[in-house]
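2 protein chains.
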Amino acid sequence: MMFLDDRKKLILHAIIDDYISTAEPIGSRSVSKKHELGLSSATIRNEMSDLEELGYLIQPHTSAGRIPSDKGYRFYVDQLMKACELTVDEINAMKIEMETKINELSQLLRQASSTMSRFTKYTSMAATPERKNSELKAVQVVPIERGSALVVVVTNAGIIKNSLVKLPETVSPEFLIRVSNIFNDKLSGLTLEQINIMVIREIEILIGSSQEILMPILNGVTECINQIDTSEVYLDGTTNILNYPEFKDVVKAREFLNMIDTKDILPLLLKNIKNAGDNGISIQIGKENEIEEMQDCSVVTANYNLGGLVIGTIGIIGPTRMEYARVLAAMKYIRRKINEEIDRIIGNSFKDFNRDSKTIKGGLTDSDEEKGELI
Amino acid sequence: MMFLDDRKKLILHAIIDDYISTAEPIGSRSVSKKHELGLSSATIRNEMSDLEELGYLIQPHTSAGRIPSDKGYRFYVDQLMKACELTVDEINAMKIEMETKINELSQLLRQASSTMSRFTKYTSMAATPERKNSELKAVQVVPIERGSALVVVVTNAGIIKNSLVKLPETVSPEFLIRVSNIFNDKLSGLTLEQINIMVIREIEILIGSSQEILMPILNGVTECINQIDTSEVYLDGTTNILNYPEFKDVVKAREFLNMIDTKDILPLLLKNIKNAGDNGISIQIGKENEIEEMQDCSVVTANYNLGGLVIGTIGIIGPTRMEYARVLAAMKYIRRKINEEIDRIIGNSFKDFNRDSKTIKGGLTDSDEEKGELI
DNA sequence: TATTAGCACTCAATCGAGTAGAGTGCTAAC
DNA sequence: GTTAGCACTCTACTCGATTGAGTGCTAATA
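Quick note, the sequences are listed as chains P and H, same order. For the first sequence, counting from 1, position 196 maps to 186 in my numbering; every step adds exactly one. For the second sequence, counting from 1, position 176 maps to 166 in my numbering; every step adds exactly one.
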């Protein structure tokens, strides 16, 4: 018997809902009482016994109620749960948070992460993906004072980095501007790998072979790119998990926090995300996650892209007993908001700065788009 | 009897040392056993009773040993504890961490904070002070692409910020360079307050009254300065406290972490620091701290200045039962290292980039300086 | 007079038996 | 197929007894 009949679904649904809100094993009696199914506890008991046999429920010990298994949650997420509607107040709160002045991609991700964690009360993370193929959009050398200059690099993904370099004191600001233009001309449009000895030689000739100017600046550029390509990870709401009974034991809490704190694991996690659904959001429940330390948790992530390129990921981590519907609703909203903001910041494909940009965005594969009315 | 005789000091010292390492109330018998004082437990009992009456010790309940009071720790820190010598390995580890390429003040503070927390196993924080009097050292407007430019601001304290602004598409890069120079000339040397309507009018006239160029750039400058003046706070090792028995209760741990997480409290804390000692380091023990939520903790902080201006603070927070000697030793080293790096980064008072710069720094008031041999 | 040995007393922490209660599985009746 | 009833299981909680570390006091000692 592969499929569950309607009654089993109903009962499973009830149990998971209850367990998500109470964190206590659910017994047959409480199901028959709280949800008007017109069934006695004994009947439900039989059904629950079946559900356990089928792997959707687990009994912590013989004389306890039952709790959902990973498989149970998966079924719940895929088939049972009904979409959570955010209230107007909730949406407004998020909207305001998300629209505080943001003018760089990393700020945007950080803000999104923060909003998510505050809203869901779980731990959130955000990361710019580690990619060695950032393309330079602009390179500028800005004189600061005699003997030092600032190298500023902007990529096609809207990330801005700078690096202070020392130069010989003899270099004049005017000369620096010429140098800056040469660098900008020669490097913009290239990726880091494409900056090879040929390009450098070319610049060297144009500048006039003054090594002690060329090298510091080139180092500055390289450092900026390294900063960009080294995936930045933001965390927020790490301590939220202390509010959940699954972490009431300090040892468990410490394990979780330590794991989260070794930030190495997060890019890995975000990279590990399987095929996001058609709405760009992916859910991993318990052992579905390959990372062992995370197998007591669930992870919901969303990717953001610009022109087919994934330029960021945001995710939330919580106990497997997670309010999936709510998290999903929030994630969808935030994802949409982020896309909007990315357009605004980077403004690559100059859509007009209007509310109803969706009429223009026709080509997008975003399945949510049809829903319309974006607040 | 205001002063403690030598024997009382000895006993108090022993008790605090033991308590710092065990976190268990210390009994008379264990003192007489572990430390060869040639005294019976009964004698020690009498002395401990005296020390309690004098306020240096506290008895959690009648049939327990005693633990140090805030006053006890204070006496310990001021008079009893002997300076902790860091091992060569320890110093090397910190040295390597601190010398990873750093080229901006905020990076430096973050790195220092991280090193401190990893070394001491307590929670560390670092902050750039909130000051409305940052002085602009350079302002530059850098063209990025048609329709957008980057405003870069550098302050006298070596902080660099940038802000992306939108400009009319009609503005040419060449014109922007002219504009940039005008801004730089007119604004550098000023503090934010000094940028008044007069200065703006002056710039406006020089540019040629094109409002739609002036305003975005001015907004960009303002935003950069706001970013600078809004004290940035870095935290590190927050979860370290979970390793200490005083936080074995999740509720306590949560309280602490939540308090720490509302970052508003940290600048307040760092501002609250009383007169730092002659070595620039301050210790606040328990209730000595005015902030109520912190009165179960001790806080050790150090300030860094550049030319008399405090440009940063770094601190560590831990239980009152803190390894003061060790923390102090580490803090001294890091403080010295930071001063060194600040010189290197900002290079205002161009000391040569040499190891033995101390011979040049003669004028410094740093009382540690005499110790010499900086690794 | 300062120190120490001895002893009664205190109190948190630990242990264990007993109990309560939530929940199941099974059986028999409907 | 559903339900009522009942015996059984197992955790969590309670509560008294016990343990043991530590104190304070007193009397003996150097």
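No residue lacks a Cβ here, since even glycine has one placed at the ideal position from N, Cα and C.
Contact between the region 69 to 77 of chain P and the region 37 to 46 of chain P: three or more CB pairs below 8 angstroms? no
Please classify Pro163/P: does DSSP put it in a helix, a strand, or coil? helix
Within the region 77 to 148 of chain P, ranges of the beta strand (DSSP E) (whole runs, at least 3 residues): 113 to 117, 126 to 135 and 138 to 145
Leu225/H - containing beta strand (DSSP E), residue span: Val223 to Asp226
Residue of Thr291/P, Asn230/P, Glu236/P and Arg244/P minimising C-alpha distance to Pro257/P: Put simply, of Thr291/P, Asn230/P, Glu236/P and Arg244/P the residue whose alpha carbon is nearest the alpha carbon of Pro257/P is Thr291/P.
At 9 angstroms on the CB atoms, spell out the chain P contacts of Asn146/H, in chain order. Going along chain P, no residue has its Cβ under 9 angstroms from Asn146/H, so there is no contact; the nearest lies around 10 angstroms.
Residue range of the alpha helix (DSSP H) that includes Ile300/H: Correcting the residue identity first, residue 300/H is Val in this sequence and not Ile. Counting along the chain, Val300/H falls outside any alpha helix (DSSP H), though it belongs to the beta strand (DSSP E) covering Leu299 to Pro309.
Look up Tyr66/P in the DSSP assignment and say whether it is helix, strand or coil. helix
Relative to the C-alpha of Glu155/P, which candidate in Lys91/H, Ile215/H, Leu208/H and Pro309/H has its C-alpha closest? Note that residue 155/P is Val in the sequence shown, not Glu. It is Lys91/H whose Cα lies nearest to the Cα of Val155/P.
Whether Ser96/P touches Thr118/P by CB criterion (8 angstroms): yes
When burial is assigned at 16 or more other CB atoms within 10 Å of the CB, is Ile1/P buried or exposed? buried
Residue range of the alpha helix (DSSP H) that includes Ile207/H: Gln201 to Asp219
Three-state secondary structure (DSSP) at Pro15/P? coil
One question on the structure: do Leu208/H and Ile197/H come within less than 8 angstroms of each other, judged by their Cβ atoms? no
Short of 7 angstroms in beta carbon distance, which residues of its chain neighbour Gly45/P, apart from the five on each side in sequence? Order them along the chain. Result list for Gly45/P: Ser59 and Lys61, in chain order.
Compare the C-beta of Lys238/P with all C-beta atoms of chain H and state if any pair is closer than 8 angstroms. yes
Check the DSSP bridge columns for Asp31/H and list the partner residues they point to. According to the sequence displayed, residue 31/H carries Ser and not Asp. DSSP output for Ser31/H lists no bridge partner at all.
Quick one: does Gln130/P have its CB under 8 angstroms from some CB of chain H? yes
What is the rounded straight-line gap between the Cα of Asp8/H and the Cα of Lys277/H? Approximately 22 angstroms between the Cα atoms of the pair.
Under a three-way DSSP split, which group does Tyr294/H fall into? strand
Would you say the beta carbon of Lys277/P comes nearer than 7 angstroms to a heavy atom of the ligand SAH? The ligand SAH is not part of the structure shown, which contains no ligands of any sort.
Within 8 angstroms (strictly less), CB to CB, does Ile172/P reach chain H? no
In this structure, does DSSP put Glu360/P in helix, strand or coil? Caution applies to Glu360/P, whose pLDDT of 38 falls short of 50 and renders its modelled position unreliable; the value that the coordinates give is listed next. It is helical.
Chain H residues whose Cβ lies nearer than 7 angstroms to that of Asp251/P: Thr229
Output the distance between the C-alpha atoms of Gly137/H and Phe246/H, rounded to the nearest integer angstrom. Going by the C-alpha atoms only, they are around 48 angstroms apart.
Round the Cβ separation of Tyr112/H and Met312/H to the nearest angstrom and send it over; I've been treating them as touching at under 8 angstroms. 7 angstroms
Around the Cβ of Val241/H, are there at least 16 other Cβ atoms within 10 angstroms (buried) or fewer (exposed)? So Val241/H counts as exposed.
Where Ser170/P falls: helix, strand or coil (DSSP): helix
Could you name the residues of chain H that Glu135/P contacts, counting a contact when the two beta carbons are closer than 7 angstroms? Lys127 and Ala128
Out of Leu126/P, Ala139/P, Ala147/P and Gly148/P, which has the shortest C-alpha to C-alpha gap to Gly148/H? Ala139/P
Nearest chain P C-beta to Val376/H closer than 8 angstroms, yes or no? Nothing in the structure corresponds to residue 376/H, since chain H is present only between -9 and 365.
Using the rule of at least 16 other Cβ atoms within 10 Å of the residue's Cβ for burial, across every protein chain shown, is Arg325/H buried or exposed? Buried.
Under a CB-based cut-off of 8 angstroms, is Val161/H close to chain P? no
Quick one: grab the DSSP three-state call for Ser178/H. Assigned with DSSP and collapsed to three states, Ser178/H falls in coil, not helix or strand.
From what residue to what residue does the alpha helix (DSSP H) around Ile195/P run? Secondary structure note for Ile195/P: its alpha helix (DSSP H) is the uninterrupted segment Ile187 to Ile197.
With the cut-off set at 8 angstroms, would you say Arg244/H and Leu(-6)/P are in Cβ contact? The answer is no: Cβ separation not under 8 angstroms.
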